[in-house]
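Just so you know, the sequence shown maps onto residues 1 to 332 in the UniProt record's numbering.
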Amino acid sequence: MSDSVQVASSSPKPPLSFTQSIVATLEPWVNLTRVSRFAGTMLVFWPYAWALTMTARTANVPMSRFFYLLLCGFIGASLSHSVGCVWNDILDRNFDRQVARTKKRPIASGKISVRGAVAFLWGHLAIMLWMIRDVNELAWKIALVTMFPLAGLYPLMKRITYWPQAWLGISMNAGVFVAWAFLTKSVPTSAFALFGGTWAWTIWYDTIYACQDKKDDVKAGVKSTALLFGNSIKLVLALFATIMMTGLVLAGILNNHQLPYFVLSVGGGSVYLAVQLYAVDTDSPKSCWAAFHRNGFNLGALIWSGFLADYIWAAKGSALSNFAEGLMLKGF
Numbered sequence: 001m002s003d004s005v006q007v008a009s010s011s012p013k014p015p016l017s018f019t020q021s022i023v024a025t026l027e028p029w030v031n032l033t034r035v036s037r038f039a040g041t042m043l044v045f046w047p048y049a050w051a052l053t054m055t056a057r058t059a060n061v062p063m064s065r066f067f068y069l070l071l072c073g074f075i076g077a078s079l080s081h082s083v084g085c086v087w088n089d090i091l092d093r094n095f096d097r098q099v100a101r102t103k104k105r106p107i108a109s110g111k112i113s114v115r116g117a118v119a120f121l122w123g124h125l126a127i128m129l130w131m132i133r134d135v136n137e138l139a140w141k142i143a144l145v146t147m148f149p150l151a152g153l154y155p156l157m158k159r160i161t162y163w164p165q166a167w168l169g170i171s172m173n174a175g176v177f178v179a180w181a182f183l184t185k186s187v188p189t190s191a192f193a194l195f196g197g198t199w200a201w202t203i204w205y206d207t208i209y210a211c212q213d214k215k216d217d218v219k220a221g222v223k224s225t226a227l228l229f230g231n232s233i234k235l236v237l238a239l240f241a242t243i244m245m246t247g248l249v250l251a252g253i254l255n256n257h258q259l260p261y262f263v264l265s266v267g268g269g270s271v272y273l274a275v276q277l278y279a280v281d282t283d284s285p286k287s288c289w290a291a292f293h294r295n296g297f298n299l300g301a302l303i304w305s306g307f308l309a310d311y312i313w314a315a316k317g318s319a320l321s322n323f324a325e326g327l328m329l330k331g332f
């Protein structure tokens with residue numbers, strides 16, 4: 001009986017089917033891009049979406065064009081997120097091997113070579129550069145600076161400062177300026193106010209994200225605001241939530257937004273942040289991941305709903321005004 005069990009256990013595994021072989025080959029590359037982790041893509045997308053909606057309202061952009069640009073921005077955000085993940089994994093492969101949550105990543109585990117990852121990275125960058133080929137000079141310059149020095153240097157920041165999240169906040173939210181520059185060829189004060197709010201938001205959610213790895217990061221020598229803030233983390237997070245909402249209030253005032261924006265984006269966003277601050281357990285990786293994920297979906301969408309409602313409100317008001325003017329010109 002034991003001999004038969006031994007023979008059965010040592011028998012070769014059946015060969016993979018063609019489909020299974022394709023899936024097995026592609027899986028490490030898909031994991032490298034984190035394309036299945038939509039929260040990261042959405043966190044790149046929302047600042048652009050907020051600013052685009054804000055700009056569309058001011059510039060009276062038709063809704064058909066607005067939604068087309070929104071789709072383009074989502075594709076760009078997805079590519080940008082993937083590029084950031086690939087580059088981060090290339091530079092952090094030695095750190096990743098020392099952290100329980102990241103040691104199975106494709107480069108750290110040896111499933112993908114560094115040379116292969118670099119070639120893959122350049123392919124993504126080529127597509128991104130092609131996508132921005134026709135934008136105006138100001139938008140092109142902002143996008144280029146975002147792609148290379150800003151996003152490119154982020155993985156190095158965690159080696160030299162406890163504030164890598166502050167640098168990430170600059171690169172993650174440059175879409176605010178790209179949206180304004182693309183549609184208006186300018187960057188007004190309201191865009192800087194919105195950028196300040198989104199910068200604080202990045203510190204908020206990425207500090208919570210970094211709390212997942214606090215123990216391993218100490219051993220590996222990785223720096224983060226999660227370690228810097230220590231036992232005062234919730235107090236400091238409350239400060240950055242306040243900065244975020246202040247930025248949104250100033251952006252709304254400077255851009256002449258109306259009630260829908262202040263109720264949904266500012267009011268709703270403030271309540272959401274307060275509830276999340278109370279609920280999140282910064283010593284629980286599971287709780288921190290859930291909070292991070294909800295920022296990428298729930299909070300981002302809630303704040304955008306205020307921008308969108310105000311844009312629709314303004315568009316309807318403009319249409320009614322034009323209709324009334326037309327009636328007057330016709331002698332009614």
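Positions of the beta carbon are idealized from the N, C-alpha and C atoms, including for glycine.
Whose CA, out of the options, lies closest to the CA of residue i?
i	options	result
MET139	SER109, ALA117 and LEU183	Correcting the residue type first, residue 139 is Ala in the shown sequence and not Met. The residue with the shortest Cα to Cα distance from ALA139 is LEU183.
HIS257	SER80, GLY306 and ASN295	GLY306
ARG115	ALA143, THR102, VAL222 and VAL86	VAL86
ASP92	GLN212, SER186, THR246 and PRO155	PRO155
SER270	CYS288, SER284, HIS293 and LEU239	LEU239
PHE262	VAL135, TRP289, ALA274 and TRP304	TRP304
ALA174	PRO47, ALA39, LYS286 and ASN136	PRO47
LEU237	VAL275, ALA220 and GLY268	VAL275
GLY196	GLY300, ALA290 and THR242	THR242
ALA119	GLU137, VAL135, ASP134 and VAL83	VAL83
TRP122	THR25, GLY152 and ASN231	GLY152
ASP96	PRO260, VAL218 and TRP313	VAL218
residue 362	LYS141, GLN98, SER109 and ALA290	Since the first residue shown for the chain is 1 and the last is 332, residue 362 is missing from the structure and cannot be characterised.
PRO260	SER17, TRP313 and SER113	TRP313
ILE142	TRP163, ALA117, SER113 and MET172	MET172
Spatial neighbours of residue i within its chain, please: CB distance less than 7 Å, with the 5 preceding and 5 following residues excluded, ordered by chain position.
i	result
ALA191	ALA51, VAL176, PHE177 and TRP180
THR41	ALA77, SER78 and HIS81
ASN94	none
LYS214	ALA226 and LEU227
ALA100	ASP216
LEU277	LYS234, LEU237, ALA238 and ALA241
For residue i, collect the residues of the same chain with a Cβ closer than 6 Å to its Cβ; drop the 5 residues on either side in sequence, then sort them by chain order.
i	result
TRP201	MET244
PRO14	none
ASP89	ARG105 and ILE107
CYS288	ILE208, CYS211 and GLN212
PHE74	PHE45
THR19	none
LEU299	TYR272
I need the boundaries of the alpha helix (DSSP H) containing residue i, first residue and last residue.
i	result
SER80	63 to 91
HIS293	285 to 294
PRO155	151 to 160
TRP201	189 to 210
LEU121	114 to 131
PHE165	It should be noted that the sequence gives Gln, not Phe, for residue 165. Looking at the DSSP string, the run of the alpha helix (DSSP H) that includes GLN165 is 164 to 172.
PRO47	38 to 59
THR225	225 to 229
Less than 8 Å between C-beta atoms, sequence neighbours within five positions excluded: which residues of the same chain meet that for residue i?
i	result
ALA315	ARG57, ASN60 and MET63
PHE66	LEU52, THR53, ALA56 and TYR311
VAL266	MET245, LEU248, VAL249, GLY252 and GLY306
GLN165	THR202, ILE203, ASP206, THR207, ALA210, SER224 and THR225
Would you kindly check if the distance between the Cβ of residue j and the Cβ of residue i is under 8 Å?
i	j	result
LEU254	THR198	no
SER80	MET131	no
ALA49	LEU71	no
THR282	CYS211	yes
LEU264	ALA309	yes
ILE170	LEU150	yes
PRO28	LYS104	no
LEU125	MET147	yes
GLY296	LEU32	no
TYR272	LEU235	no
LYS185	ASN231	no
ALA39	HIS293	yes
VAL30	SER36	yes
Practice item. Could you tell me whether the region 221 to 228 touches the region 205 to 212, using the rule of 3 or more Cβ pairs below 8 Å? Key: At 8 Å Cβ cutoff, the stretches touch.
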